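S.K.:
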Ligand code: GAP
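Numbering (the numbering used here), first residue to last: -5 to 507.
In structure tokens form, the structure reads like this:
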């Protein structure tokens, strides 16, 4: 199965089992907007809990807030979003499709890397054991040609983005021979800047309607509450403020399912530090955040850092944590050293002093900020794609299983009476009620036990608990483990502790040290 086929199956599976639905589906949907179904919302909540607790419980100097989506419009002038939160867009005149110019070039660069990888594979097959990859990469003329194209496009793109040179961006597309994926032609328009913020009106028209924006990031809600939290919480630098909430961007190139949406959720943490300390803390958060991802057990090789070529208008260092999705390595989290840009500008634009008095140094200053910013929906997609497996079992039977880390699984256990009679459903229901105060548990008595196991595998339930005739005699049940499919006999009295331990976030947190 190709990665593309796998991704299509994942999207279909997400819908079929109630994880994710296209928004407004009965009205033919709304592009790049999605709804979370009954299982999707549980998965998403568990991911948020993993992040929130890792930030606010494991760090005694990080607290959380929940700021409003609507904010004073001047905030977005101070933050630079009104002036600079733009995407460079280009249209193909034949297909009438609109693209981000930098994404077209990045795709071209990625294609050159794919071509190099193919050359290597071909040569490896041809030369067998005697193949020297390093020598081949250094000397093969076709590899040199692909590398030269890649490096030239990359270098020119970085310069054009830094210089905000839209003509040059177009020229790179033309010179690289990039064609529209739909029409296959090179009939490109000029490149134009397009602001990504959604506007709406606040107040009644008679009072004079005011344009406000749907926030494009949650971070500004943290910055404008810096003094409130610092003073009321008696916080001492270094300290952090965490927030989870919706953000909105009018993405033109919205694609890859929930990877790039117009309405999405972010989990952001701003860490306030002494000026001059920011790069040390940047490094700390870079490592700490990578550990958080890797603790999920999806394989360290599927993660990498990508340091930014073009720094955002507020940053003096920035990196992305990328995960290898079925459509390649892509950003899931950004870590930025944002300097004193935001607090400094809010001080300027609001006319209010935003300073911290450092009792250790006896100085007042505008703190510097290191930000960690991760998309909840991209995490959901990461967890879904890493967990999905079509497994062939001994004897040729197949099953579809979602290997969710137990702490993130939407349903923790299913309670299944072996048959629908002899008092087994009553005992099973009693057991379900005993577990449901602590965990999301399902009861299922329909179809054969094998079919019920498969249904639970498909939604990633880590434990199936079967109540059988022996249960009536000795108050034990069979616990079937999702991944190994092994079964063990467990006393009902021991079940709450056993499940509680296995699905606890503590298991993940233990890997963060
Ligand atoms: N406050 C900094 C900030 O917003 P960003 O790199 O623009 O930085 C941070 O966004 C994270 O938000 C990204 O790493 C990504 O996970 C998520 N994100 C951004 N745009 C998104 C979109 N259109 N759809 C889904 N997630 C998005």
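Note that beta-carbon positions come from the ideal geometry of N, C-alpha and C, so glycine has one too.
Predicted model only: the values in this text are computed from it and were never measured.
What's the C-alpha gap between residue 421 and residue 461?
M.R.: Here residue 421 refers to the residue found at position 427 of the chain shown. Here residue 461 refers to the residue found at position 467 of the chain shown. C-alpha separation (whole angstroms): 7 Å.
S.K.: Report all residues from its chain with a CB closer than 6 Å to the CB of residue 242; omit the five preceding and five following residues, and keep chain order.
M.R.: Here the question's residue 242 lines up with position 248 in the chain shown. 192, 208 and 257, listed in sequence order.
S.K.: Please classify residue 514 as buried or exposed, where buried requires at least 16 other C-beta atoms within 10 Å of its C-beta.
M.R.: Nothing about residue 514 can be read from this structure; the chain reaches only from -5 to 507.
S.K.: May I ask you to list the residues that DSSP assigns as paired with residue -4?
M.R.: In the chain shown, residue -4 corresponds to position 2, counting from 1. Paired residues: none, contrary to the question.
S.K.: Considering residue 69, what are the terminal residues of the alpha helix (DSSP H) in which it resides?
M.R.: Your numbering for residue 69 matches position 75 in the chain shown. Note, residue 69: alpha helix (DSSP H), 68 to 72.
S.K.: Run the proximity test for residue 318: is its beta-carbon closer than 6 Å to any non-hydrogen atom belonging to the ligand GAP?
M.R.: The count along the chain shown starts at 1 and reaches residue 318 at position 324. False, no ligand heavy atom lies under 6 Å from that Cβ.
S.K.: Contact between the segment 223 to 242 and the segment 58 to 67 is defined here as three or more beta-carbon pairs at a separation below 8 Å; is this criterion met?
M.R.: With a cut-off of 8 Å, the segment 58 to 67 and the segment 223 to 242 count as touching, because enough Cβ pairs lie within range.
S.K.: Do you know how far the Cα of residue 400 is from the Cα of residue 372?
M.R.: Here residue 372 refers to the residue found at position 378 of the chain shown. Here residue 400 refers to the residue found at position 406 of the chain shown. Roughly 19 Å between the two C-alpha positions.
S.K.: Quick check for students: name the residue ranges of the beta strand (DSSP E) that lie wholly in the segment 277 to 314, counting only runs of 3 or more.
M.R.: The qualifying runs are 297 to 301.
S.K.: Considering residue 448, what are the terminal residues of the alpha helix (DSSP H) in which it resides?
M.R.: For the purposes of this step, residue 448 is taken as residue 454 along the chain shown, with counting starting at 1. Where residue 448 is concerned, the enclosing alpha helix (DSSP H) stretches over 443 to 452.
S.K.: In the DSSP output, what is residue 352 paired with across the bridge?
M.R.: Residue mapping note: residue 352 aligns to position 358 of the chain shown, counting from 1. DSSP lists 357 as partners of residue 352.
S.K.: Would residue 409 and residue 426 qualify as a contact pair, given that the criterion is a beta-carbon distance under 7 Å?
M.R.: In the chain shown, the residue the question calls residue 409 occupies position 415. In the chain shown, the residue the question calls residue 426 occupies position 432. It is a contact, given that the beta carbons lie within the stated cut-off.
S.K.: Helix, strand or coil for residue 175? Go by DSSP, reduced to three states.
M.R.: Translated into positions along the chain shown, residue 175 becomes position 181. DSSP places residue 175 in coil when its eight states are reduced to three.
S.K.: Nearest by alpha-carbon distance to residue 132: which of 148, 110 and 152 is it?
M.R.: Locating residue 132 in the chain shown gives position 138, where the first residue counts as 1. Of 148, 110 and 152, the residue nearest in Cα terms is 110.
S.K.: What does the alpha-carbon distance come out to for the pair residue 321 and residue 288?
M.R.: Reading the chain shown from its first residue, position 327 is the one you call residue 321. Reading the chain shown from its first residue, position 294 is the one you call residue 288. Distance between the alpha carbons of residue 321 and residue 288 is about 20 Å.
S.K.: Under 8 Å by Cβ, that's how I've got residue 493 and residue 429 pegged, so tell me the actual separation to the nearest angstrom.
M.R.: By 1-based counting over the chain shown, the position of residue 493 is 499. By 1-based counting over the chain shown, the position of residue 429 is 435. Yes, they are in contact, since the Cβ atoms of residue 493 and residue 429 sit about 7 Å apart, within 8 Å.
S.K.: As a quick exercise: from 377, 72, 394 and 158, pick the residue whose alpha carbon is nearest that of residue 446.
M.R.: As a working note, residue 446 is residue 452 in the chain shown. It is 394.
S.K.: In chain order, which continuous runs of the alpha helix (DSSP H) of length 4 or greater are located wholly inside the segment 124 to 170?
M.R.: Within the segment 124 to 170, the complete alpha helix (DSSP H) runs of at least 4 residues are 127 to 133, 135 to 156 and 160 to 169.
S.K.: Looking only at its chain, what residues have a beta carbon closer than 7 Å to the beta carbon of residue 1, apart from the 5 residues adjacent to it on each side?
M.R.: As a working mapping, residue 1 is identified with position 7 in the chain shown. Within the same chain, residue 1 has close Cβ partners 320 and 321.
S.K.: Whether or not the segment 448 to 460 and the segment 475 to 486 are in contact is what I'm after, with contact meaning three or more pairs of Cβ atoms, one per stretch, closer than 8 Å; do they touch?
M.R.: Yes, the segment 475 to 486 is in contact with the segment 448 to 460.
S.K.: Rounded to a whole number of angstroms, what is the C-alpha to C-alpha distance between residue -4 and residue 390?
M.R.: Counted from its first residue, the chain shown places residue -4 at position 2. Counted from its first residue, the chain shown places residue 390 at position 396. When rounded, the distance between both Cα atoms is 21 Å.
S.K.: With DSSP as the reference, label residue 427 as helix, strand or coil.
M.R.: On the chain shown, position 433 is the one that residue 427 refers to. Helix, per DSSP.
S.K.: Tell me the rounded alpha-carbon separation between residue 366 and residue 267.
M.R.: Numbered from 1 along the chain shown, position 372 holds the residue referred to as residue 366. Numbered from 1 along the chain shown, position 273 holds the residue referred to as residue 267. Those two C-alpha atoms are separated by around 14 Å.
S.K.: Considering only their Cβ atoms, is the gap separating residue 11 from residue 453 smaller than 7 Å?
M.R.: Locating residue 453 in the chain shown gives position 459, where the first residue counts as 1. Locating residue 11 in the chain shown gives position 17, where the first residue counts as 1. Their beta carbons are under 7 Å apart, which means residue 453 touches residue 11 by this criterion.
S.K.: Closer than 6 Å by C-beta to residue 51: which residues in its own chain qualify, once you throw out the five before and the five after it? Chain order, please.
M.R.: As a working note, residue 51 is residue 57 in the chain shown. There are no such residues.
S.K.: Looking only at its own chain, which residues have a Cβ that is under 7 Å from the Cβ of residue 305, when we skip the five neighbours before and after it?
M.R.: Numbered from 1 along the chain shown, position 311 holds the residue referred to as residue 305. Closer than 7 Å at Cβ, skipping near neighbours: 312.
S.K.: Please determine, among 229, 210, 156 and 180, the residue with the shortest C-alpha to C-alpha distance to residue 56.
M.R.: Looking up residue 56 in the chain shown gives position 62. Of the listed residues, the one whose Cα sits closest to residue 56 is 229.
S.K.: Residue 295: buried (16+ other C-beta within 10 angstroms of its C-beta) or exposed?
M.R.: Taking the first residue of the chain shown as 1, we reach residue 295 at position 301. Classification of residue 295: exposed, given that the 10 Å Cβ count is below 16.
S.K.: Under 6 Å from any heavy atom of the ligand GAP, does the C-beta of residue 367 make it?
M.R.: Sequence index remark: in the chain shown, residue 367 carries index 373 (1-based). Because some heavy atom of the ligand GAP lies under 6 Å away, the Cβ of residue 367 counts as near it: yes.
S.K.: Helix, strand or coil for residue 101, going by three-state DSSP, please let me know.
M.R.: Working through the chain shown from its first residue, we reach residue 101 at position 107. If DSSP states are grouped into helix, strand and coil, residue 101 belongs with the helices.
S.K.: How big is the Cα-Cα spacing for residue 336 and residue 37?
M.R.: As a first step, residue 336 is located in the chain shown; it is residue number 342 there, counting from the start. As a first step, residue 37 is located in the chain shown; it is residue number 43 there, counting from the start. Distance between the alpha carbons of residue 336 and residue 37 is about 33 Å.
S.K.: Could you tell me the alpha carbon to alpha carbon distance between residue 280 and residue 19, rounded to whole angstroms?
M.R.: Walking along the chain shown from the start, residue 280 turns up at place 286. Walking along the chain shown from the start, residue 19 turns up at place 25. About 39 Å.
S.K.: Any heavy atom of the ligand SAM closer than 6 Å to the Cβ of residue 328?
M.R.: Summarising the ligand content, the structure contains the ligand GAP and does not contain the ligand SAM.
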